[in-house]
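Taken in order, these protein sequences are the chains called A and B.
My numbering puts the first residue of the first sequence at 1, with every later residue one more than the last.
My numbering puts the first residue of the second sequence at 1, with every later residue one more than the last.
Even for Gly, the Cβ is constructed at its ideal location relative to N, Cα and C.
Since the model is a prediction, treat every value here as computed from it, not as a measurement.
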Amino acid sequence: MAIFRWGQQTWDPFRDLEREVDQLLASVSLSFQGLRVGRQYPPINVYELENELLLIAELAGAKPDALEVTVAEGVLNIRGRHNGPEGVADDKYRRQERPRGVWQRSLPLPDRILEDRMSAEFTNGVLKIRLPRGAATQARQIQVLDGSTEEAPAPPPSEAT
Amino acid sequence: MSTELTRSPEPPPPPDETGVDPNVVFTPPIDIFETEAGLVLLADLPGVTSETLELQVQDNKLTLFGRVKSPVPPGARVIHQEYGVGHFLRSFILSDEVDHERITAKLTNGVLEVFLPRAPKSQPRRIQVAIE
Numbered sequence: 001m002a003i004f005r006w007g008q009q010t011w012d013p014f015r016d017l018e019r020e021v022d023q024l025l026a027s028v029s030l031s032f033q034g035l036r037v038g039r040q041y042p043p044i045n046v047y048e049l050e051n052e053l054l055l056i057a058e059l060a061g062a063k064p065d066a067l068e069v070t071v072a073e074g075v076l077n078i079r080g081r082h083n084g085p086e087g088v089a090d091d092k093y094r095r096q097e098r099p100r101g102v103w104q105r106s107l108p109l110p111d112r113i114l115e116d117r118m119s120a121e122f123t124n125g126v127l128k129i130r131l132p133r134g135a136a137t138q139a140r141q142i143q144v145l146d147g148s149t150e151e152a153p154a155p156p157p158s159e160a161t
Numbered sequence: 001m002s003t004e005l006t007r008s009p010e011p012p013p014p015p016d017e018t019g020v021d022p023n024v025v026f027t028p029p030i031d032i033f034e035t036e037a038g039l040v041l042l043a044d045l046p047g048v049t050s051e052t053l054e055l056q057v058q059d060n061k062l063t064l065f066g067r068v069k070s071p072v073p074p075g076a077r078v079i080h081q082e083y084g085v086g087h088f089l090r091s092f093i094l095s096d097e098v099d100h101e102r103i104t105a106k107l108t109n110g111v112l113e114v115f116l117p118r119a120p121k122s123q124p125r126r127i128q129v130a131i132e
C-alpha cells in the first residue's frame, strides 16, 4: 500500500522491505543532485528598468535575518544557509530534493551603480535587490599630446564638477 | 506568392494579471520525511503566497498548484537569466494510510509544509453471527 507513487515507483514508508528500495532510490536522487552541482545556487535573474537594475534570486526557505548581502569594491556578495528541518534523522527521509547547506554568490556590479543607495527585500522566498543607476557621465574628450615635444603638457581646461 | 492575409492574425493572448506565462509550469523540489504522527511534505515555492496557492485533495490525489506573480514591473528587460519564472505544479498519490480529512498545511518564506497524518488503524470489528 503506497503512500506516494511517482511514476512506476511505489513507496511504503511503513514497511522495512520497501524502505530498502527507497534508500536505493534516495541514493539515485542524490547522484542526480550531484549532477546539478555545477549549477550555481541560488539562481539569479537580472532585469533592467529605466533607472535601476533589479536582481532577483529564488531562495525559498531562507530567513530574512540570516541573509547576508554586502557590497565591497564593486562586487555584490550574498550568502546564507539552508537548514533542514530540525531533529529529523536522515533515515526518516523518503525524498530529499530541496537544497541544503551554506551557499554564497558573488557578482561584479556593472558601472554606474549607486552602491550607497542599494536596497534589498525578501518576500515569500524571493530576494529582490535594487541597484539604482547613476546618471550617465558625459563623454569626456582627452587631449592627446604630442609626446615628441619636450614641453610640459598644458593643463586640461578646467571643468565645473 | 501572395502576401495577402486570408485571415487576420491571431489576437495576442490576454495579458495574465500575474505577468507570467501560464503555459509554463515548474516542478518544485520537495522533501518528504516521516514522523511519529505521519508524513511531512516540504515544497519550495518561491514567490507563492497563501492567496495564490491551491492545495487540493481529490479522491486520493494531492495536488499543489502555486501561482507566482512576475517579480518585476512590466517593461523590464531581462539582461541575465538563470531561472525561468512560472507557476508551480506537482501532484502525489496518497494511500489509505493517510488521513485525508486531517491534512493541514502552512506556507512560510516560500516553503509549503503539508502534514499528512497517519490514519488511525481500524479496530477489528466483531460481527455478530445470527443464529437461526
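Identify whether residue i lies in helix, strand or coil by the three-state DSSP scheme.
i	result
B/R125	coil
B/K106	strand
B/E101	helix
A/R117	helix
A/A72	strand
Taking the alpha-carbon positions, what's the residue i to residue j distance?
i	j	result
B/A119	A/P110	57 angstroms
A/L133	B/A43	Before going further, note that residue 133 of chain A is Arg rather than Leu in the sequence given. Roughly 36 angstroms between the two C-alpha positions.
B/E51	A/E86	27 angstroms
A/S29	B/L112	Annotation note: pLDDT 39 at A/S29 (below 50); position unreliable, coordinate value reported separately. In a straight line, the C-alpha of A/S29 is about 21 angstroms away from that of B/L112.
A/L54	B/V78	9 angstroms
A/L35	A/P42	At A/L35 the pLDDT is 37, less than 50, meaning the model places this residue with poor confidence and gives no usable figure here.
A/V69	B/G19	28 angstroms
A/R112	A/N51	11 angstroms
B/F33	A/Q138	60 angstroms
A/R100	B/I127	52 angstroms
B/D40	A/E73	Checking the sequence, you will find Val at residue 40 of chain B rather than Asp. Going by the C-alpha atoms only, they are around 44 angstroms apart.
What residue does the beta strand (DSSP E) around residue i start on, and which one ends it?
i	result
B/L55	L53 to Q58
B/S70	Premise fails: B/S70 is in no beta strand (DSSP E) and is neither H nor E.
A/L55	E52 to E58
Is there a C-beta anywhere in chain A that falls below 8 angstroms from the one on residue i?
i	result
B/A105	no
B/L53	no
B/Q81	yes
B/P46	yes
B/L64	no
B/D59	no
B/N109	yes
Whose C-alpha, out of the options, is nearest the C-alpha of residue i?
i	options	result
A/V71	A/Q40, A/W103, A/D146 and A/L131	A/L131
B/A105	B/Q56, B/D99, B/G47 and B/F115	B/F115
A/W103	A/I56, A/Q143, A/A139 and A/G80	A/G80
B/T49	A/H82, A/V126 and A/D65	A/V126
So is residue i in contact with chain B if we call contact Cβ pairs under 8 angstroms?
i	result
A/E58	yes
A/G125	yes
A/G74	no
A/V69	no
A/I113	no
Could you tell me if the beta carbon of residue i falls within a distance shorter than 7 angstroms of some heavy atom in the ligand MG?
i	result
A/G74	Ligands are entirely absent from the displayed structure, and the ligand MG is therefore not among its contents.
Which residues in chain E have a C-beta closer than 9 angstroms to the C-beta of residue i? List them in chain order.
i	result
A/L49	In summary, chain E is missing from the structure at hand, where the protein chains are A and B.
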